[in-house]
Amino acid sequence: MNPLLGAEPPSAVPPEELAARLASRLCHDLIGPANAILLGLALAAEADGAETRREALDAAVAGARRLTGLLEFSRVAYGVGEEAFATDRLGALAKAIFADLRPRLEWAVETPAMAAVAGRCLLNLVQIAAGAVAVGGVVRACAGREGARTVVSVEAIGDRAELHPEVLGGLAGKPLADGLASRWAHASYLHALVRGARGEVVAKVVEASVLFEVVLPSCR
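So for the sequence shown, the numbering used here puts the first residue at 1; every next one is plus one.
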């Protein structure tokens with residue numbers, strides 16, 4: 001039983017709606033750095049001086065770096081396959097996207113490797129938690145085994161930490177009501193991922209923080 005979400009019924013979200021919303025979310029995330037590349041190259045082509053041209057090319061390179069980081073992150077976070085992930089790799093993917101975010105990432109995952117579904121849950125939780133402290137704060141990521149269970153825990157810490165209603169609804173597998181569809185789609189995908197693994201997701205609001213936790217049974 002999820003103390004915040006309550007009992008989780010079968011998802012009421014049509015798969016095609018979730019796929020469309022998630023695709024829209026990914027396009028939204030990727031269009032920013034893609035535009036930065038195009039703008040930088042356009043400015044470089046029109047630059048009168050070497051210094052201006054260098055600055056424009058630097059902006060294009062920064063956009064390309066950000067775009068690559070998002071693509072690599074998304075390929076793992078929303079991917080398929082059953083291979084285990086080295087946590088060093090997962091940490092590198094998470095740190096790459098946090099380079100352009102206001103919150104700071106604290107990576108406290110000590111286990112050397114994680115099963116595929118646990119690794120994907122971790123990356124998705126990290127990104128959802130970043131949205132809970134979008135104006136600034138700390139996102140602390142932890143993961144490990146408790147008996148036969150794998151526990152993935154991510155805490156968003158900040159004076160303005162917030163658990164948005166659309167995130168709460170998505171985590172419970174409910175259709176989008178009000179709020180940002182991009183937040184809902186991400187949370188709804190995590191719900192589907194956890195439910196498919198017969199796990200549970202917990203969201204707790206405490207003073208100045210939001211704790212997200214996924215518990216997966218017999219996840220090796």
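Glycine included, every Cβ here is placed at the ideal spot set by N, Cα and C. These figures come from a predicted structure and were not determined experimentally.
Between the CA atoms of residue j and residue i - distance to the nearest angstrom
i       : j       : result
Glu-17  : Leu-39  : 33 Å
Ala-45  : Ser-218 : 56 Å
Glu-110 : Ala-84  : 15 Å
Val-201 : Ala-116 : 17 Å
Leu-71  : Glu-51  : 30 Å
Leu-123 : Asp-48  : 43 Å
Gly-137 : Leu-190 : 23 Å
Val-214 : Val-205 : 15 Å
Leu-22  : Thr-150 : 26 Å
Tyr-78  : Ile-97  : 15 Å
Pro-3   : Leu-168 : Unreliable positioning characterises Pro-3 in this predicted model, as indicated by a pLDDT of 46, which lies under 50. The coordinate reading is nonetheless provided below. Cα to Cα, the separation comes out at about 12 Å.
Trp-107 : Ala-94  : 9 Å
Ala-148 : Leu-57  : 51 Å
Ala-181 : Ala-20  : 11 Å
Arg-53  : Pro-15  : 47 Å
Ala-172 : Ser-188 : 7 Å
Arg-195 : Asp-159 : 31 Å
Gly-144 : Val-135 : 29 Å
Cut-off 6 Å between Cβ atoms - residues of its own chain near residue i, not counting five sequence neighbours on either side
i       : result
Trp-184 : Glu-166, Gly-170, Leu-176
Ala-130 : Leu-101, Pro-103, Val-139
Leu-41  : Ala-60
Ala-197 : Val-117, Leu-216
Ile-157 : Gly-137, Val-138, Ser-209
Val-154 : Leu-125, Val-126, Ala-129, Ala-141, Phe-212
Contact belief for residue i with residue j at Cβ below 8 Å, rounded distance in angstroms
i       : j       : result
Leu-30  : Leu-67  : 6 Å
Ala-141 : Ala-161 : Not really, about 15 Å apart at Cβ, beyond 8 Å.
Cys-121 : Val-80  : Incorrect: roughly 14 Å between the Cβ atoms, too far for contact.
Gly-63  : Ile-37  : 4 Å
Phe-212 : Leu-125 : 5 Å
His-186 : Gln-127 : 7 Å
Three-state secondary structure (DSSP) of residue i
i       : result
Arg-89  : helix
Thr-150 : strand
Arg-104 : strand
Pro-3   : Residue confidence for Pro-3 is low, a pLDDT of 46 falling below 50, so the modelled location carries little weight; the figure read from the coordinates is stated next. Reduced to three states, the DSSP call for Pro-3 is coil.
Leu-176 : coil
Ala-113 : strand
Leu-18  : helix
Arg-25  : helix
Arg-160 : coil
Arg-54  : helix
Residues sharing a beta bridge with residue i, DSSP
i       : result
Val-13  : Paired residues: none, contrary to the question.
Lys-204 : Leu-211
Glu-253 : Only positions 1 to 220 of the chain appear in the structure, and residue 253 is not among them; the question remains open.
Arg-140 : Glu-106, Glu-155
Leu-216 : Thr-150
Arg-145 : Thr-150
Nonlocal neighbours in the same chain, by C-beta distance under 7 Å from residue i, ignoring five residues either side
i       : result
Glu-207 : none
Thr-87  : Val-109, Thr-111, Pro-112, Ala-113, Met-114
Ser-74  : Leu-26
Lys-174 : Ala-12
Leu-43  : Ala-56
Residue i: CB within 7 Å of a non-hydrogen atom of the ligand NAP
i      : result
Leu-22 : With respect to the ligand NAP, the structure offers nothing, as it holds no ligand at all.
Other residues of its chain near residue i: CB distance less than 8 Å, five sequence neighbours each side excluded
i      : result
Ala-34 : Gly-63, Leu-67
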